[in-house]
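Here is the structure we will look at.
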Amino acid sequence: MKIDLTYTLEVLEELLNTPSPTGYTKKAIEFLMTEFDKMNIPYKLINKGGLVATFKGENDECQRTVSGHVDTLGAMVREVKNNGTLRLTNLGGYMWNSVEGEYCTIITDEGNEVTGTIMTSAPSTHVYNNARTLKREEENMEVRIDAVVENADDVKALGINNGNFVYFDPRCKFTDHGFIKSRHLDDKASVAVILGVFKYLVDNNITLPYTTNIFITNFEEVGHGASYGTPEKTVEFLAIDMGCVGGGLQGSEQKVTIAAKDSSGPYDYDFRLKLQELAKSNNIEYCIDIFPNYGSDASAALRAGTNIKHALIGPGVHASHAWERTHQDGLRNTYSLLYYYLVSN
Ligand SMILES: [Zn+2]
């Protein structure tokens, strides 16, 4: 099978440029609904905002579910400060220095967008003796709003208030050598791969051996993404989420990682062996790694009491939750492994 990533990359770019911090994922979910509509794959929204699409297969009694999460890191306004800046609270786990200097957008409850920049409260070496040494932690970070404001009242007059979502500029770039640099490749890269594979199945009239659900979750970054919503007949649950890179791991931006264990414990051994076998027999560049500081939607589903065999695969993402980068080869290897799994018995 020849993999054409054109559609996957189109979806990825569109998704990366559609803000969806945890808790504010509507626009990204709507975009995915239109893509499922185009493919004629039926879906339903669950109450918490996630999406479950179902692709009918020969066996409807034993089903498979593959998941990807569309929520990303982000922030929320915690305080409108007297000096006219904003204090933030984080959505998801990241280092404050990884968003220092980032352009951001605040969305008001009326739906107006106001731009700004995240910086420390001592952002200039000309002015502050502690500009270099100030600890990059929540209480020292603030948003400079791109509007003429002198105090909290001026800011509130713009409609900005506590609880407003703040999203980061993704700075999405596709480079000449196949790299993709952007925030939020976790997990939009995987979601784009999933859509690419299903578009291929639809375009080529391929019937899968098992009915397969595509579960797009929207609260993964805070841990409870797939804790509800896994279709009842699911036997195997495959989470597609980024593989970690660096620090003695085998993962790379060019490979698909098969996780053996994460902070929730080991993944289902038989399921993992099967994925390894598929990767080997189809010349897919893969590796096996262990992620001690990582949880997935498959483990969230299991923890919630879902009776499934679970596994986790995904493209390597370097500097995850910070200056993320992956490579088209990593997407291709993930695409390939997902495809061969879906058509396998
Ligand atoms: Zn993720």
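Numbering (the numbering used here), first residue to last: 104 to 448.
Glycine is no exception: its CB is placed at the ideal position from the N, C-alpha and C atoms.
Because the structure is a prediction, the values reported are computed rather than measured.
Residues bridged to residue i (per DSSP)
i	result
E216	I210
R167	T315 and E339
K364	P369 and I393
R247	T220
F268	M179 and I210
L191	V180
Proximity to residue i [Cα-Cα], best of the options
i	options	result
Y370	K129, V155 and G398	G398
H280	E203, F318 and G433	G433
I263	R181, T125 and D289	R181
V446	A407, F158, L108 and M136	F158
K238	S224, L288 and T228	S224
G187	V252, P145, N267 and T137	V252
L148	F318, A407 and T121	F318
N265	G196, L189 and D249	L189
G195	I210, G204 and M179	M179
M222	N232, I209 and E240	E240
Reduced DSSP category for residue i - H, G, I as helix; E, B as strand; rest coil
i	result
V180	strand
A225	coil
Y450	The shown model of the chain, from 104 to 448, leaves out residue 450, and the question about it has no answer.
I319	strand
T310	coil
Q431	helix
V305	helix
T409	coil
R375	helix
K147	strand
G204	coil
A85	The structure shown does not extend to residue 85, since the chain is modelled only from 104 to 448, so the question has no answer here.
I387	coil
Residue environment, residue i, which counts as buried when at least 16 other CB atoms sit within 10 Å
i	result
E339	buried
H413	buried
G332	buried
H229	exposed
K129	exposed
L376	exposed
Whether residue i touches residue j by CB criterion (9 Å)
i	j	result
V294	L118	yes
T360	I283	no
V169	P334	no
D392	L352	yes
C347	F271	no
H421	E356	yes
Considering only heavy atoms of ligand 2 and the C-beta of each residue, which residues fall inside 5 Å, strictly closer?
No copy of ligand 2 appears in this structure; the ligands present are ligand 1.
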